[in-house]
Every structure is written in C-alpha cells, then in structure tokens.
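Protein chains in written order, with our numbering: chain C, 574 to 686; chain P, 142 to 254.
By construction, the Cβ of each residue, glycine as well, lies at the ideal position given by its N, Cα and C atoms.
Have a look at the structure below before the remarks.
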Amino acid sequence: NAGVTQTPKFRILKIGQSMTLQCTQDMNHNYMYWYRQDPGMGLKLIYYSVGAGITDKGEVPNGYNVSRSTTEDFPLRLELAAPSQTSVYFCASSITEDSYEQYFGPGTRLTVT
Amino acid sequence: QKEVEQNSGPLSVPEGAIASLNCTYSDRVSQSFFWYRQYSGKSPELIMSIYSNGDKEDGRFTAQLNKASQYVSLLIRDSQPSDSATYLCAVTPPSGGSYIPTFGRGTSLIVHP
Chain C
574 NAGVTQTPKF RILKIGQSMT LQCTQDMNHN YMYWYRQDPG MGLKLIYYSV
624 GAGITDKGEV PNGYNVSRST TEDFPLRLEL AAPSQTSVYF CASSITEDSY
674 EQYFGPGTRL TVT
Chain P
142 QKEVEQNSGP LSVPEGAIAS LNCTYSDRVS QSFFWYRQYS GKSPELIMSI
192 YSNGDKEDGR FTAQLNKASQ YVSLLIRDSQ PSDSATYLCA VTPPSGGSYI
242 PTFGRGTSLI VHP
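This is the structure:
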C-alpha cells in the first residue's frame, strides 16, 4: 500500500492564482482531512469528509474548497491565492468511525508571493 | 472551545535519559488520545494511542492517561538522538461525535549525545 499520497510536493503561486492540491489514499478509509501547518504552530483543520459525497468545514475553511467524489480522492482547491495561504498542507485519513488514528500524507509546501 | 495544551519546549534531555512529555485537554468527555511524532520537514506519524485510564507501553514508549485530571503523557525511555522531533498530542470526542481530533501545538524534544 502507498498509504496517503499528495501532489505536488512543492508549489509557488502568484497572488490571485488558483490550484488544486491532490490527495489519494489506498487504504479504503472513509474519513479524510485537510490540515495546514504554519511554522511553530499546530495543525489547523481546513475541511474534512466522512465519506464520498460528504464534506464539512473545519476551523479555517475560508479561501478553500473541497470535493469527495470517490473514497480514494479528496482534492483541496485554492481559489485566488493570498500570501496568508503560504503554509504546509497535510492530507490525512483515518480508519473507521470508532478509531481516529490518522495517517498523514507527506505534505505540500505552498508559497504564495 | 475544545483545547489541547502542550508545553512548546524545547525539552532537552541527555541521551539515555527518560523524556517526559505532557498534554492537558479541556473537553472532559474526550475518549481517544494519540501521540504523533513529527520530524522537521516531515509529516506527523502516529506512535501511540490510548483509550482508557492507566499506562500503555510499546517498546521504549509509554503513554499514560488520567481522565479525572484530564491529562495524557508520553514517556520515552533510553532517549536517543533519533527521538529528537516535535511530539503532537491529539484528543478526539466520543463515538458519534464530530469525528474531529483536536491537536496541541506540539512539544519539541532535543536529545543530545
């Protein structure tokens, strides 16, 4: 199993550009999450999904959108990138509704200039 | 607002010593507790989970949970330089809740030779 994969690893965006961060898991997990982590800070939840077709906002959803058309994929869309979105983005998945053990992807380091 | 508090550190210990990392949480009904290790520039990796009061041991790691006092700790015995990382505490609600773990900001551990 590859686990949780994310692409790209690095990206530089100009202010106002848009992009999609890809996340795929091959563990048949129902629950998937998007976090951002700023230097010296903890993980902040952006969006999460409890299954295909179901998504919900986390703590910091503004400026982002998600979709979950399949169990495997959970892409994160950034519209009109702003410098405040410079961060490291982690996708995670977890096993079942009774276990919140999360498995994280390697992350995407995004810089908006 | 649910909170998870950790001392940011850094906690510096000599090689071979016991490192003790602590975490307190505000939501009394929290059910599941996790410790993640995050090396610099890498994604979090689950190292311990604990669900009931008491101690849980896994190799050099021991997680301790005290629900009455609302704290969870991680002990690392015979600390090695390779244990140098940031340790994140995560707390989740009971089954049937919001499925959203709350993370602390992490404690930086430095193990010096």
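The shortest CA-to-CA distance from C/Pro656 to any of C/Thr686, C/Gly615, C/Ser642 and C/Met605 is the one to C/Thr686. In the DSSP secondary-structure assignment, P/Glu186 is bridged to P/Arg178.
Per DSSP, C/Thr659 lies in no beta strand (DSSP E) and is assigned neither H nor E.
Taking every protein chain shown into account, the CB of P/Thr248 has 16 or more other CB atoms within 10 angstroms, so this residue is buried. In the three-state reduction of the DSSP assignment, C/Asp629 falls in the strand class, which pools E and B. Counting only Cβ-Cβ distances below 9 Å, C/Gln675 has contacts in chain P at Phe175, Tyr177, Pro185, Leu187, Ala231 and Pro242, in chain order. With fewer than 16 neighbouring CB atoms inside 10 Å of its own CB, C/Ala575 falls in the exposed class. Scanning chain P for C-beta atoms nearer than 7 Å to the C-beta of C/Leu618 yields Ile241, reported in chain order. In terms of beta-carbon proximity, P/Ser181 stays away from the interface with chain C, with every pair separated by 8 Å or more. If you draw a 10 Å sphere on the C-beta of P/Pro151, you find fewer than 16 other C-beta atoms in it, and that means exposed. Taking P/Thr203 as reference, the option from P/Ser193, P/Leu216, P/Gly195 and P/Ile191 with the minimal CA-CA separation is P/Leu216. Per DSSP, the beta-bridge partners of C/Ser622 are C/Met605. Inter-segment contact for the segment 629-639 of chain C and the segment 151-162 of chain P is absent: fewer than three beta-carbon pairs are separated by less than 8 Å. When 7 Å is used as the limit between beta carbons, P/Arg246 is near these residues of chain C: Met614 and Gly615, in chain order.
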